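*Asks:* Line by line, the protein sequences give chains A and B. Take the first sequence: its letter number 187 is residue 187 in the UniProt record's numbering, and every next letter is one higher. Take the second sequence: its letter number 99 is residue 99 in the UniProt record's numbering, and every next letter is one higher. Note that beta-carbon positions come from the ideal geometry of N, C-alpha and C, so glycine has one too. All figures in this text were calculated on a predicted structure; none of them were measured in a lab. My questions will all concern the structure given below.
2 protein chains.
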Amino acid sequence: MADPALDVPAPDVPEPGAPGSSEDPRGVHSAADIATAWQRERPGAPTESIEIVTPIWWLGKLFADDRDRALRAAGIDAATLDLLSVIRRSGPPYALSTREIACRTLVTAGAISQRVARAERDGLVVRRPGTTGRRSVLVCLTAEGHALIERSVDTVLGREARLVRGLSDQERTVLAGLLVKLMADVRRRTGR
Amino acid sequence: MADPALDVPAPDVPEPGAPGSSEDPRGVHSAADIATAWQRERPGAPTESIEIVTPIWWLGKLFADDRDRALRAAGIDAATLDLLSVIRRSGPPYALSTREIACRTLVTAGAISQRVARAERDGLVVRRPGTTGRRSVLVCLTAEGHALIERSVDTVLGREARLVRGLSDQERTVLAGLLVKLMADVRRRTGR
DNA sequence: TGAGTTACGTTTAGATCTAAACGTAACTCA
DNA sequence: TGAGTTACGTTTAGATCTAAACGTAACTCA
């Protein structure tokens, strides 16, 4: 998966006097720079999405990378935590079919099948034949799997809470509201 | 990479009378539901990040999946487009070292090396020994690579513009501002 | 009632990524 | 001046994902 925010062309004639004046010290352009540059290169191009899509993608990657590092140190991995969590959130009796898990995590059923196989091998879940539907298989948390989530939660949440501390309570509320609205709309438009 | 927003436990005693009343028809809980549920399960847990991190990660995935589908139909792939774009944005003479590309795309140098090898095989870039630094290699766009970006831009931008159309101009401006602020802060805290 | 269809989970082939190990060239400095 | 260090790009091993092909069990319906 690569950056979904289309990258940027730079001005055709960069000022030698003020090189990178609006740039990050590491040479990373801001989303606004990107949109402006595409406007200059292709006037009339529909660039209004760049300021939204680029930072969302970068932030997602920054959050994920940070969490991956923290979890690796704890001997867990994000895919497994995600699997256990989605079952946990489904409520008692803490069991979900493969298909449902795939739907709730935006991951393919094949990938879920592999995640479940790994987690079962590690004693975190067990598979049982389901009662409903055609050939459903229920994936159930074991006591060990249940305990693993409980142990990991505070670490991950605490870490993420520190990362969003730069925004005030009010800013976070406004941001969350806009994100939820956008997500509902995107899901409708993409049919997912 | 799995969902970095910690998933949610459901209430221990789900109301049978109103099952999933605040849920998405597909069974996906909203970020607010997730935070509320963790508060109930683990009172005092630092859940303030969930409303931010969860939708960001989901939106990133929705945007990426949609773009991947569109690009596949056009016979390109997102990783290659990302590579070509970052070189394009660096401005004339459209050449960047592997190290710089890795830094600007949040991808490891090894992955860039592989992307460049694929793109070179396809005639989209060429590698040339660099003049500066120790052993730098400049990755340069070919005419074909340059043309490929130009052809792909409008398609991808148009697609993404439609996806964010649910937000008004003002809402997009506010959202973009908050995202930029948050991103600067997260980068500072994670050192990236 | 039995052929066809549908709805699942699993397996396989192939792509791509990360982390770590390498291999070198270019600096440093006693 | 030459051993050690540093800064790169590349290769390798291993993990994981997607898409597509499978294999079945459970429905449908003439």
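Using 10 angstroms around the beta-carbon of B/Arg151, count the other beta-carbons present and answer buried if the total reaches 16, otherwise exposed.
*Replies:* Answer is exposed; the Cβ neighbour count stays below 16.
*Asks:* Going by DSSP, what residue range makes up the beta strand (DSSP E) through A/Ser97?
*Replies:* Unbroken beta strand (DSSP E) run through A/Ser97: 95 to 97.
*Asks:* The beta strand (DSSP E) with B/Arg165 in it runs from where to where?
*Replies:* Note, B/Arg165: premise wrong, no beta strand (DSSP E); not H, not E.
*Asks:* Check the Cβ-Cβ distances between A/Ile52 and every residue of chain B, and say whether any is below 8 Å.
*Replies:* Chain B, which has a Cβ nearer than 8 Å to the Cβ of A/Ile52, makes this yes.
*Asks:* Would you mind working out which of B/Ile149, B/Gly191, B/Ile101, B/Asp169 sits nearest A/Ile52, comparing C-alpha positions?
*Replies:* Of the listed residues, the one whose Cα sits closest to A/Ile52 is B/Asp169.
*Asks:* Assign A/Leu124 to one of three DSSP states: helix, strand, or coil.
*Replies:* A/Leu124: coil per DSSP, three-state reduction.
*Asks:* Under 8 Å Cβ-Cβ, which residues of chain B neighbour A/Asp122?
*Replies:* What A/Asp122 touches in chain B: nothing, since even the nearest Cβ is about 16 Å away.
*Asks:* Name the chain A residues that come within less than 8 Å of B/Thr142, Cβ to Cβ?
*Replies:* Those do not exist, as B/Thr142 stays about 16 Å from chain A at its closest Cβ, beyond 8 Å.
*Asks:* I need the DSSP call for B/Leu106, collapsed to helix, strand or coil.
*Replies:* Of the three classes helix, strand and coil, the one that applies to B/Leu106 here is coil, per DSSP.
*Asks:* Kindly list, in the order they appear in chain A, the residues whose Cβ is closer than 8 Å to that of B/Thr190.
*Replies:* Here the neighbours are Leu62, Asp65, Asp66, Leu163.
*Asks:* When the distance is taken between beta carbons, is B/Trp38 closer than 8 Å to B/Thr47?
*Replies:* For B/Thr47 and B/Trp38, yes; Cβs fall inside 8 Å.
*Asks:* Is the Cβ of A/Ala31 closer than 8 Å to any Cβ of chain B?
*Replies:* Yes, A/Ala31 lies at the interface with chain B (some Cβ there is under 8 Å from its Cβ).
*Asks:* Could you tell me the alpha carbon to alpha carbon distance between A/Lys181 and A/Gly191, rounded to whole angstroms?
*Replies:* Taking the straight line from one Cα to the other gives about 15 Å.
*Asks:* Could you spell out the range, first to last residue, of the alpha helix (DSSP H) harbouring A/Ile76?
*Replies:* Note, A/Ile76: premise wrong, no alpha helix (DSSP H); not H, not E.
*Asks:* Looking only at its chain, what residues have a beta carbon closer than 7 Å to the beta carbon of A/Glu120, apart from the 5 residues adjacent to it on each side?
*Replies:* Cβ within range, chain order: Val126, Arg127.
*Asks:* Name the residue from B/Val137, B/Ser85, B/Ala45 whose alpha carbon lies nearest to the alpha carbon of A/Ala35.
*Replies:* Ranking the options by Cα distance to A/Ala35, first place goes to B/Ser85.
*Asks:* Establish whether the CB of A/Ile76 and some CB of chain B are separated by less than 8 Å.
*Replies:* Chain B, which has no Cβ nearer than 8 Å to the Cβ of A/Ile76, makes this no.
*Asks:* For B/Leu96 and B/Ser90, which I take to be in contact (beta-carbon distance under 8 Å), what is that distance rounded to the nearest angstrom?
*Replies:* Contact flag correct, Cβ pair sits at about 5 Å.
*Asks:* Report yes or no: is there a C-beta of chain A within less than 8 Å of the C-beta of B/Arg187?
*Replies:* Closer than 8 Å: yes.
*Asks:* Taking only beta-carbon atoms, is B/Pro43 less than 8 Å away from chain A?
*Replies:* Not closer than 8 Å to any Cβ of chain A, the Cβ of B/Pro43 fails to qualify, so no.
*Asks:* Use the C-beta contact count for B/Asp122: other C-beta atoms within 10 angstroms, 16 or more gives buried, fewer gives exposed.
*Replies:* It is exposed - the Cβ of B/Asp122 has fewer than 16 other Cβ atoms within 10 Å.
*Asks:* Would you say A/Leu179 and B/Glu171 are within 8 Å of each other, going by their C-beta atoms?
*Replies:* Their beta carbons are not under 8 Å apart, which means A/Leu179 does not touch B/Glu171 by this criterion.
*Asks:* Output, in chain order, the set of chain A residues within a Cβ distance shorter than 9 Å of B/Gly166.
*Replies:* Within chain A, the residues near B/Gly166 are Lys181, Leu182, Ala184, Asp185, Val186, Arg188, Arg189.
*Asks:* Any beta carbon from chain A within less than 8 Å of B/Ile56's own beta carbon?
*Replies:* Answer yes: the Cβ-Cβ gap between B/Ile56 and chain A drops below 8 Å somewhere.
*Asks:* Show which residues of chain B have a CB atom less than 8 Å away from the CB atom of A/Ser49.
*Replies:* Near A/Ser49 (Cβ distances below 8 Å), the residues of chain B are Leu157, Glu160, Ala161, Leu163, Val164.
*Asks:* Applying a beta-carbon distance threshold of less than 8 Å, which residues of chain B neighbour A/Ala37?
*Replies:* Result: Arg89.
*Asks:* Which residues does DSSP pair with A/Pro129 in a beta bridge?
*Replies:* Partner(s): A/Val137.
*Asks:* So that I know if they touch, is there some Cβ in chain B lying closer than 8 Å to that of A/Ala176?
*Replies:* Closer than 8 Å to some Cβ of chain B, the Cβ of A/Ala176 qualifies, so yes.
*Asks:* If you draw a straight line from the alpha carbon of B/Gly105 to that of A/Gly60, how long is it in whole angstroms?
*Replies:* Per the sequence presented here, residue 105 of chain B reads as Thr, with Gly not at that position. Answer to the nearest angstrom: the Cα atoms are 13 Å apart.
*Asks:* Kindly indicate if chain A contains any beta-carbon less than 8 Å away from that of B/Glu93.
*Replies:* One detail in the question is off: residue 93 of chain B reads as Pro in this sequence, not Glu. Not an interface residue.
*Asks:* Going by alpha carbons, who is nearest to B/Gly130 out of B/Gly110, B/Arg88, B/Arg99, B/Pro55?
*Replies:* With distances taken between Cα atoms, B/Gly130 lies closest to B/Arg99.
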